[in-house]
Structures are given as C-alpha cells and as structure tokens.
Ligand code: LLP
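Numbering (the UniProt record's numbering), first residue to last: 5 to 432.
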C-alpha cells in the first residue's frame with residue numbers, strides 16, 4: 005500500500021487530504037495520487053545510483069498524466085516511451101527529449117521521424133527489420149539514430165505470463181544467440197550509431213534473482229560485442245520491479261539497485277552509464293481509486309454471493325478483470341457495524357467486471373471505497389467501454405490538492421463519431 009495512506013479517526017487520508025472530502029468535491033470514480041510517494045520512489049533509485057553516470061527513465065505507460073510527468077521531470081527523471089503519443093505527452097509536460105528512450109516492437113516510420121526530429125536520446129530496437137527501417141528513416145532525414153538493442157536474456161522473471169517478457173518464445177527483444185551478429189549489422193548501417201544495450205524481463209517481479217541472472221547474461225553479451233570492436237556506452241536494465249499488492253515482499257528499490265550495481269562493478273563494468281526504466285515501482289503505490297457504493301445486493305440462501313455495486317468499473321481499472329489481479333479495497337469511512345463478505349463489482353455489463361472478490365467490508369450505500377496501489381496501470385489502461393467517461397484525477401501534496409484531469413463528459417465521448425449522410429439513412 006501507499007506509504008502516505010493513513011487513517012485519522014474513521015476517515016482515510018492520502019497525505020493530509022481526506023479521500024471522502026476529495027470524492028465529495030470532485031465526484032467519483034476518482035484517482036488520487038500522492039506527489040510525495042512518487043518523489044520518494046524516484047529518490048530511492050537516484051540515491052542508489054548517486055556518484056555514477058545514470059538516468060532513470062520512467063516507463064510512462066504506467067501513468068502518463070502530464071502532472072505526473074511534470075513532477076518526475078522536475079526531479080531529473082527521463083522517460084521510456086512506446087509511442088509517438090507518449091512523446092507528445094513528454095513534450096507537453098516540459099520533459100527533456102534528450103532524456104527519452106523509445107522502446108516497443110512496432111515503431112512506425114512516422115513515429116521514428118517524430119522521435120528523430122525531437123532528438124530523443126536512444127531507440128531501443130527490438131528486431132533486425134526494425135534496425136533496417138530506422139536506418140532508412142534516419143538517412144532520409146539526414147540524421148543518425150542512436151540505438152541500443154533490446155536483447156532477450158531468456159530468463160524467467162517468475163511473473164504472470166501476460167507481463168513476463170524475457171523468455172524465448174516471446175515477441176520482445178532480440179534472441180540472445182543472435183545479438184552479437186545483429187550488433188555487427190547495426191554498426192554497419194549508415195543511419196545508426198550504436199550506443200548501448202537494453203533488457204527488460206517482465207513486470208511485477210518480486211525477487212532479485214532474475215535481475216541478477218539477466219544482468220550476467222547481458223554483461224556476457226557486452227563483452228562479446230566489444231570484442232568485435234563495437235563500443236557500448238550504456239547498460240539499460242529495464243523496469244519491472246514489483247510492489248506490494250497482497251503481501252508480496254519485493255526487494256526495496258535501493259536494495260535491488262545496489263545489488264545490481266555491485267555486480268556490475270565486480271565484473272569490471274562500473275564505468276558504464278546505467279539506465280533503468282521503472283514504471284510501477286515509481287507510481288503504483290502512490291495512487292488510489294476512490295469509488296462510491298451505489299447499491300448493496302445481499303445474496304439470499306446458502307452459498308449465494310452478495311454484491312457491493314460501486315460506480316468504478318473494469319473500464320476504470322482493468323487489472324482485476326484482465327489479470328485476475330488482487331488489489332486491496334478499503335472503506336474510506338470506517339463503520340462500527342459488523343462486516344460482511346462482498347463481491348465488489350462495477351456497473352459494466354460483463355460478469356468479469358469485478359474489482360475484488362470475497363472482500364470483508366462494513367459498508368452501506370453512499371459510502372466510499374478505495375482501491376489501493378492503483379497508481380500504475382490504472383488510469384493508463386482505462387477505456388470508454390459502455391460509453392463511460394474516464395475518471396477524474398487529483399494530485400495531493402500535504403494538505404493541498406489539485407485536479408489534474410477533468411472527468412470526461414458523455415458528450416465528449418462521441419465527439420469523434422461521424423453520422424452517415426441523411427440521404428443514405430432515409431433510403432433505408
Ligand atoms: N520497459 C519496458 C520495455 C516495458 O515493456 C515495461 C512495461 C517497463 C519498462 C515498465 O515495467 P514496470 O516497471 O512498470 O513493471 N499492464 C500490466 C503491466 C504491463 C507492463 C508492460 N511493460 C499490469 O497492469 O500489471
């Protein structure tokens with residue numbers, strides 16, 4: 005859970021702001037983020053890397069809110085982007101394109117042009133075909149693209165199969181046994197300048213072991229590539245560090261980074277620039293999703309389920325429906341009455357629309373519930389399914405709070421739709 009979540013009397017606060025008050029002021033569903041929690045997580049990375057050349061590139065897919073980007077950029081953070089849209093957000097938030105790495109298996113030529121014109125720091129290239137395309141695009145603009153190859157170290161990160169990316173048979177990265185040959189190709193292409201190496205083995209990783217294994221495999225490659233006369237200046241160790249949703253005990257940020265850096269030094273690579281691409285571990289525990297209880301629908305008869313229907317749904321927070329992810333749900337106002345067991349579900353017309361199953365809660369209609377650790381992959385994966393506007397977002401710092409995204413209005417949702425010509429419709 006969030007380090008800044010606390011209960012004062014019966015009411016839950018994030019930092020010094022009452023979640024119930026914020027819900028009253030801005031309506032629900034409402035995402036609320038702690039600025040301090042984000043700062044502290046970033047600082048943990050930066051402190052463990054202090055004294056050496058490094059850059060933390062926030063994987064902004066986790067939460068691309070401009071105010072979040074602004075907060076992290078001001079603290080020296082760079083960004084890991086995966087689309088032209090994300091690049092536009094970095095620029096709109098005042099981020100430095102010179103601190104941007106561009107990841108992803110399917111960059112289009114248009115996105116490559118956009119990123120080259122913005123002069124991003126590096127492209128993390130994921131295939132031989134992409135290398136060729138990037139070189140052509142760079143040559144056509146009279147530029148050279150700085151590249152790093154994302155290699156697939158073939159280690160098992162031990163996470164959910166949908167978010168594990170470092171195994172063979174996965175669409176991500178360049179196979180370990182092809183990497184040296186592909187570096188030779190990259191070095192020979194006219195539009196490219198090889199600058200580094202990159203790996204990312206998965207997400208919500210809760211042990212240091214897979215990171216150390218991947219690092220060893222990557223350092224083996226660095227040595228093999230440099231033996232071919234190709235210099236690699238930076239090591240990008242990706243993101244993926246997990247957070248606590250349900251009793252997981254991932255290594256602390258500082259502890260993991262320190263262990264990795266010690267291994268890098270021990271193998272004689274301490275002079276290299278080190279990059280990380282964390283998403284979840286920077287923002288996940290900083291956020292909560294607040295919703296209002298609309299109706300209680302107690303089950304009748306033995307074994308029947310009781311439903312607590314709230315105004316947040318799978319379109320607001322997809323993780324439980326998509327990954328069967330367990331996320332803590334707590335009442336914003338504590339009641340003294342006995343608790344009961346509820347299926348916490350939303351209004352969307354799907355049986356898979358649940359936020360939590362079999363949760364013990366003392367609630368009444370009109371109460372507010374908070375889903376915890378919802379700062380990462382919450383709002384960023386929200387959709388308009390069932391023509392539901394996406395939630396509003398608020399940032400808090402101490403006892404101050406700011407609306408950082410307005411709630412989407414129903415009329416905005418069909419603003420891009422085009423009606424057929426009346427003549428066509430009239431003709432039947
Ligand atoms: N770098 C690359 C190349 C990535 O693909 C990702 C995440 C990251 C960094 C950041 O990983 P993180 O530190 O956040 O674990 N929607 C899923 C997570 C998908 C992660 C995709 N890639 C979820 O809700 O659990």
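Virtual Cβ for every residue (Gly too), placed ideally from N, Cα, C.
To which residues of the same chain is residue 361 closer than 6 Å at the C-beta, ignoring the five residues directly before and after it?
347
*Below 8 Å CB to CB, which residues in the same chain sit around residue 386 once its five sequence neighbours on both sides are set aside?*
319, 320, 321, 322, 394, 395
| query | Relative to the C-alpha of residue 29, which residue among 151, 412, 405 is closest? | reply | 405
**Member of 108, 81, 109, 111 whose CA lies at the smallest distance from the CA of residue 102** = In terms of CA proximity to residue 102, 81 leads the group 108, 81, 109, 111.
*Pick helix, strand or coil for residue 204, following the three-state DSSP scheme.*
coil
Requested in this report: Return the Cβ separation of residue 212 and residue 282 in integer angstroms, given the expectation that the two are a contact with Cβ distance under 8 Å.
Outcome: Not quite, the Cβ-Cβ distance comes to about 14 Å (not below 8 Å), so this is no contact.
Of the residues 61, 55, 70, the one placed nearest residue 275, counting alpha carbons only:
When C-alpha distances from residue 275 are compared across 61, 55, 70, the shortest belongs to 55.
**Asked** Going by Cα to Cα distance, which pick from 20, 135, 330, 390 is closest to residue 37?
**Response** 20
* State the DSSP-derived secondary structure class of residue 267, mapped to helix, strand or coil. => The answer is helix: DSSP assigns residue 267 an H, G or I state.
> Across which residues does DSSP place residue 8 in a beta bridge pair?
Replying inline: For residue 8, which the question treats as bridged, DSSP gives no partner whatsoever.
task = Pull up the distance between the alpha-carbon of residue 52 and that of residue 125, whole angstroms please.
result = 22 Å
Proximity below 9 Å, CB of residue 41 to CB of residue 379 | Closer than 9 Å, so yes.
Selection from 196, 45, 132, 238 that minimises the alpha carbon distance to residue 202: 238
Under 8 Å from any heavy atom of the ligand LLP, does the C-beta of residue 264 make it? no
In the structure shown, what three-state DSSP assignment does residue 301 receive? strand
Is residue 421 buried or exposed, if buried means 16 or more other CB atoms sit within 10 Å of its CB?
-> Label assigned to residue 421: exposed.
| query | Around the C-beta of residue 245, are 16 or more other C-beta atoms found within 10 angstroms, so that it is buried, or is it exposed? | reply | buried
* Between the CA atoms of residue 382 and residue 143 - distance to the nearest angstrom -> 39 Å
- prompt: In terms of residues, what are the limits of the beta strand (DSSP E) holding residue 381?
  reply: That residue, residue 381, is in no beta strand (DSSP E); it is neither H nor E in DSSP.
Subject >> Check whether residue 215 and residue 145 have beta carbons under 9 Å apart >> reply: no
Any beta-carbon of chain D closer than 9 Å to the one on residue 431?
Within the model displayed, chain D is absent; a lone protein chain is all it includes.
Quiz item: Residues bridged to residue 346 by DSSP?
Solution: For residue 346, the pairing in a beta bridge is given by DSSP as 363.
Worksheet item: Any heavy atom of the ligand LLP within a distance shorter than 8 Å of the CB on residue 222?
Response: no
Q. Taking the DSSP output, what are the residues bridged to residue 399?
A. 37, 406
- With hydrogens ignored, establish whether the beta-carbon of residue 63 is closer than 8 Å to any heavy atom of the ligand LLP. yes
Quiz item: Are residue 317 and residue 357 close, meaning C-beta to C-beta below 9 Å?
Solution: yes
Next on the checklist: Less than 8 Å separating the Cβ of residue 385 from some heavy atom of the ligand LLP?
Outcome noted: Distances between the C-beta of residue 385 and the heavy atoms of the ligand LLP include at least one below 8 Å.
Buried versus exposed call for residue 177 [16 or more other C-beta atoms within 10 Å across all chains shown]: buried
**Asked** Quick one: Cα of residue 219 to Cα of residue 266, how far?
**Response** Answer to the nearest angstrom: the Cα atoms are 11 Å apart.
| field | Exposure of residue 374, with buried meaning 16 or more beta-carbon neighbours within 10 Å | value | By the neighbour-count definition (other C-beta atoms within 10 Å, threshold 16), residue 374 is a buried residue.
Margin query: What does the alpha-carbon distance come out to for the pair residue 175 and residue 109?
Written below: The alpha-carbon atoms of residue 175 and residue 109 are separated by roughly 8 Å.
Worksheet item: Okay, do the region 149-156 and the region 186-193 touch, 3+ Cβ pairs below 8 Å being the bar?
Response: The region 149-156 is in contact with the region 186-193.
Query raised in the report: Helix, strand or coil for residue 257 per DSSP?
Result: helix
Distance, residue 315 Cα to residue 33 Cα: 6 Å
| message | If contacts are defined as beta-carbon pairs under 8 Å, then residue 15 and residue 22 qualify, I think. What distance do you get, rounded to the angstrom? | response | 5 Å
Inter-residue CB distance, residue 285 and residue 45 (contact presumed, cutoff 8 Å):
Right, the Cβ-Cβ distance comes to about 6 Å (below 8 Å), so this counts as a contact.
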